[in-house]
Amino acid sequence: MNLKSTLSKGLPVPLGVTRLINGINFAVSIPNEEECILKLFHKETGEMAVSFLLTSEYKTGNVFSCILSESMVKKNQKLIYLFEKPYEYTYGYEVNGRELADPYAKLIYGREIYGEGTLSGKHKLRGGLLPKEYLWKEDKPLYIPYSQLIIYKLHLRGFTKHPSSKVQNPGTFQGVTEKIPYFKQLGINSIQFMPIYEFNENIRFKGIGEQGTKVNYWGYSEDNFYFAPKASYAANPVQADTECKTMIKKLHEEKIEVIMEMYFPYGTNHILILDCLKYWVMEYHIDGFCLMGERVPGTTIAMEPILGRTKLFAAGWDKEQVYSRGFVPSFKNLAEYNDGYSVDIKGFLRGDESKISSFASRFKYNPDKWGAINYITNHDGFTLMDLYSYDVKHNEANGEHNRDGLEYNYSWNCGREGKTKDKKVLSLRRKQIRNAFTVLLLSQGTPLILAGDEFGNSQWGNNNPYCQDNEISWLNWDDIDTNKDIFEFVKFLISIRQCHPILHMDYPLKSMDYISSGYPDLSYHGIKAWYPDYSFYSRMLGIMLAGQYAKVSPAENDVNLYIACNMHWEEHVFDLPGLPKNMKWYVLFDTAEEKGTVSSLSADKKTVDKEPEEKELVLSNSQKECKVKERSIVVLIGK
Numbered sequence: 001m002n003l004k005s006t007l008s009k010g011l012p013v014p015l016g017v018t019r020l021i022n023g024i025n026f027a028v029s030i031p032n033e034e035e036c037i038l039k040l041f042h043k044e045t046g047e048m049a050v051s052f053l054l055t056s057e058y059k060t061g062n063v064f065s066c067i068l069s070e071s072m073v074k075k076n077q078k079l080i081y082l083f084e085k086p087y088e089y090t091y092g093y094e095v096n097g098r099e100l101a102d103p104y105a106k107l108i109y110g111r112e113i114y115g116e117g118t119l120s121g122k123h124k125l126r127g128g129l130l131p132k133e134y135l136w137k138e139d140k141p142l143y144i145p146y147s148q149l150i151i152y153k154l155h156l157r158g159f160t161k162h163p164s165s166k167v168q169n170p171g172t173f174q175g176v177t178e179k180i181p182y183f184k185q186l187g188i189n190s191i192q193f194m195p196i197y198e199f200n201e202n203i204r205f206k207g208i209g210e211q212g213t214k215v216n217y218w219g220y221s222e223d224n225f226y227f228a229p230k231a232s233y234a235a236n237p238v239q240a241d242t243e244c245k246t247m248i249k250k251l252h253e254e255k256i257e258v259i260m261e262m263y264f265p266y267g268t269n270h271i272l273i274l275d276c277l278k279y280w281v282m283e284y285h286i287d288g289f290c291l292m293g294e295r296v297p298g299t300t301i302a303m304e305p306i307l308g309r310t311k312l313f314a315a316g317w318d319k320e321q322v323y324s325r326g327f328v329p330s331f332k333n334l335a336e337y338n339d340g341y342s343v344d345i346k347g348f349l350r351g352d353e354s355k356i357s358s359f360a361s362r363f364k365y366n367p368d369k370w371g372a373i374n375y376i377t378n379h380d381g382f383t384l385m386d387l388y389s390y391d392v393k394h395n396e397a398n399g400e401h402n403r404d405g406l407e408y409n410y411s412w413n414c415g416r417e418g419k420t421k422d423k424k425v426l427s428l429r430r431k432q433i434r435n436a437f438t439v440l441l442l443s444q445g446t447p448l449i450l451a452g453d454e455f456g457n458s459q460w461g462n463n464n465p466y467c468q469d470n471e472i473s474w475l476n477w478d479d480i481d482t483n484k485d486i487f488e489f490v491k492f493l494i495s496i497r498q499c500h501p502i503l504h505m506d507y508p509l510k511s512m513d514y515i516s517s518g519y520p521d522l523s524y525h526g527i528k529a530w531y532p533d534y535s536f537y538s539r540m541l542g543i544m545l546a547g548q549y550a551k552v553s554p555a556e557n558d559v560n561l562y563i564a565c566n567m568h569w570e571e572h573v574f575d576l577p578g579l580p581k582n583m584k585w586y587v588l589f590d591t592a593e594e595k596g597t598v599s600s601l602s603a604d605k606k607t608v609d610k611e612p613e614e615k616e617l618v619l620s621n622s623q624k625e626c627k628v629k630e631r632s633i634v635v636l637i638g639k
């Protein structure tokens with residue numbers, strides 16, 4: 001049947017499939033060809049419904065485009081439901097006998113079952129057609145300032161895939177939605193997802209004397225469809241778009257932002273990158289992106305007007321180009337995202353030499369024009385529990401003879417490699433975890449927590465589980481009960497950060513007394529007050545934050561905080577800076593205390609600010625000294 005009468009020349013932009021008032025617009029870029037064939041298929045059977053030959057008359061530049069008229073399509077029995085039931089159809093293009101999937105497809109079919117995608121028969125990769133507009137109602141991006149953000153990075157599948165997650169739809173968008181009460185309990189307000197767009201999880205490899213396929217669990221692939229949510233991450237893959245949008249909408253309802261990791265391998269078309277980011281913002285209300293890959297056009301992305309209020313994380317920005325001629329953004333949307341903080345903090349916490357100066361610098365870093373994303377652990381490396389349980393990586397399960405992954409992790413097993421029943425070693429590991437979370441959540445800048453670190457998740461020493469779609473990478477939620485002390489401590493620290501604005505300022509601290517209060521906003525100290533020791537062998541640093549520089553309410557200043565860090569293996573006594581009259585130092589918490597560290601300190605703001613719950617500093621020379629045990633941090637509050 002000749003259906004050419006149902007076609008008219010279409011709009012060359014936007015690329016992909018777009019629903020119009022009276023039709024559907026198809027647009028695809030195919031250089032160096034004078035014709036192609038648009039094919040529509042019945043999804044369930046894989047049978048072709050109709051095909052259309054697109055000749056040069058349908059071409060603008062390198063773009064073939066056509067409009068399928070709704071009135072004409074409904075006269076054809078094979079396409080009668082195209083507009084009412086678009087999920088029942090797929091589409092693709094044929095060029096010189098080869099079938100091509102649309103790189104701008106908003107849905108992709110052929111990979112509905114995770115790890116079992118095939119390229120034969122009805123399961124060939126084909127585009128899907130979106131239904132009518134999703135009902136977002138009042139939803140929109142949240143625009144939470146970096147100073148108030150606490151990011152939680154997770155792998156969507158691995159977050160709830162383990163049976164212990166006890167969700168109805170493990171490893172899916174709906175599974176994450178079911179865990180929203182957990183996010184609220186923990187206190188985070190932003191989730192950074194590893195890739196949730198359609199990537200190829202089946203990768204071919206050539207190992208040492210062997211070859212085959214592996215699962216690309218992380219999702220950093222060179223075979224991607226950036227406009228489509230991953231179908232196998234949906235409970236009903238046919239409606240991956242709706243499930244993804246519903247997850248985002250429900251997270252927004254609880255004031256939780258959504259950040260997407262976008263991996264663009266070398267050679268990715270820059271126009272596609274921009275189109276993709278804008279699409280997710282406009283169609284999915286995404287709050288931000290973490291841009292990954294070589295030669296991502298950061299400056300172009302940063303200067304795109306539609307992305308002007310979208311958070312953009314990257315390892316480096318050409319700030320002179322982005323902020324030329326003295327431009328200061330009214331909304332700070334760019335942020336630095338790199339390993340520098342992680343490397344320096346891990347070295348400091350381990351007690352390495354010559355780390356005090358870099359620690360002090362990392363602690364206060366908080367630029368005025370862009371954000372700073374701080375993390376100690378990330379997907380590529382040890383989890384926090386493994387950071388203090390293993391000296392060396394144990395990646396044998398990856399099948400590469402332990403030759404893959406980072407060679408140097410700044411880790412320390414605390415005296416025994418891996419699992420142990422040695423109580424002293426286990427106690428030291430927990431203290432190191434408390435130290436790490438204390439530094440991360442009390443630093444200026446924006447903290448990022450790797451999912452599972454807050455309850456002691458372990459990957460059994462594997463620092464590169466890129467191919468482990470199993471219990472090595474899946475979070476075991478039973479660990480919350482096993483490591484409840486860690487979980488409660490992290491909740492407490494998050495509440496402390498939220499309650500005290502001096503810990504998360506909108507602008508950089510100057511280490512100056514610019515309001516004539518008698519105290520600089522930030523000051524560093526050694527074991528002798530006002531005299532920091534940055535020498536090669538020093539492992540101690542005191543940090544005082546003056547509450548006069550931050551407001552908890554229009555009429556009330558924040559409190560003074562003093563953070564005494566001792567990463568030496570011996571106990572030390574810190575001289576304390578004096579406080580104004582009628583004020584005293586109180587111990588807010590001490591990471592050396594295994595029990596009761598936070599048992600009397602609720603995560604509720606009223607309890608945190610309630611004086612009787614804090615311990616008055618009592619020493620032989622009270623209010624002038626603070627004893628800090630080996631490898632410990634004591635945080636004091638001056639009121």
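Following UniProt numbering, the numbering of the sequence shown begins with 1 at its first residue and continues without gaps.
Ideal Cβ placement from N, Cα and C applies to all residues, glycine included.
A372 and Y341 have their C-alpha atoms spaced approximately 9 Å apart. Looking at the DSSP output, V28 bridges to F64.
Beta-bridge analysis with DSSP links W585 to G638. One Cα belongs to Q459, the other to G158, and the distance between them is close to 12 Å. DSSP places A564 inside the beta strand (DSSP E), whose first and last residues are N560 to N566.
Around the beta carbon of H162, a 10 Å sphere encloses 16 or more other beta carbons of the protein chains shown; the residue is thus reported as buried.
Between V328 and the set K423, D368 and F289, the nearest pair of CA atoms involves D368. Linking W530 to Y524 through their CA atoms gives a straight-line distance of about 6 Å. Considered as a whole, the region 224 to 265 harbours 224 to 229 and 257 to 263 as its complete beta strand (DSSP E) runs of no fewer than 3 residues, in chain order. Only residues of its own chain outside the window of five on either side were considered, and among them I37 and K39 have a CB closer than 6 Å to the CB of S51, listed in chain order.
Closest in alpha carbon position to F589, among L579, G638, K551 and D339, is G638. By DSSP's assignment, D533 forms no beta bridge with any residue. Under the three-state reduction of DSSP output, H270 falls in the helix class.
Contact between L387 and S358 is absent: CB atoms are separated by about 18 Å, not below the 8 Å threshold. For S232, the closest alpha carbon among the candidates K184, I472, C276 and L156 is that of L156. Note on geometry: alpha-carbon atoms of I286 and S622 lie some 52 Å from one another. Under a 10 Å Cβ-count criterion, P181 is classified as exposed, with fewer than 16 other Cβ atoms of the shown protein chains found around its own Cβ.
If you look at I480, you'll find it in the alpha helix (DSSP H) that goes D479 to T482. Contact between E594 and S427 holds: CB atoms are separated by about 6 Å, below the 8 Å threshold.
Under the DSSP assignment, T160 falls in the alpha helix (DSSP H) whose first and last residues are L156 to T160. Following the DSSP letters along the chain, one finds M72 inside the alpha helix (DSSP H) bounded by residues E70 to V73. A contact between stretches requires three or more CB pairs, one per stretch, nearer than 8 Å, and the region 260 to 269 fails this requirement with the region 230 to 245. Beta-bridge partners of A592 (DSSP): none assigned.
Taking a contact as a CB-CB distance under 8 Å, the pair L277 and I301 counts as one, their CB atoms being some 7 Å apart. E556 and G547 have their C-alpha atoms roughly 10 Å apart.
Counting only the Cα atoms, G461 lies some 41 Å from E320. Closest option to T18, judged by alpha-carbon separation, among T172, G128 and P532: G128. The beta carbon of T90 sits closer than 7 Å to the beta carbons of F41, K43, Y109, R126, G127 and G128 from its chain, once the five residues preceding and following it are set aside; these are given in chain order. Contact between F455 and I496 is absent: CB atoms are separated by about 19 Å, not below the 8 Å threshold.
Around the C-beta of Y197, 16 or more other C-beta atoms lie within 10 Å, and the residue is accordingly described as buried. Just so you know, the alpha carbons of G97 and K153 end up roughly 43 Å apart.
About 6 Å separates the beta carbons of N435 and L349, which is inside the 8 Å limit, making them a contact pair.
Each residue's CA atom was taken as its position, placing I502 and M292 some 32 Å apart. When secondary structure is reduced to three states using DSSP, R19 falls in the strand class. Sorting K484, K250, L20 and T591 by C-alpha distance to the C-alpha of G175 places K250 at the top. Spatial neighbours of Y537 in its own chain (CB-CB distance under 7 Å, excluding positions within 5 residues in sequence) are listed in chain order as E353.
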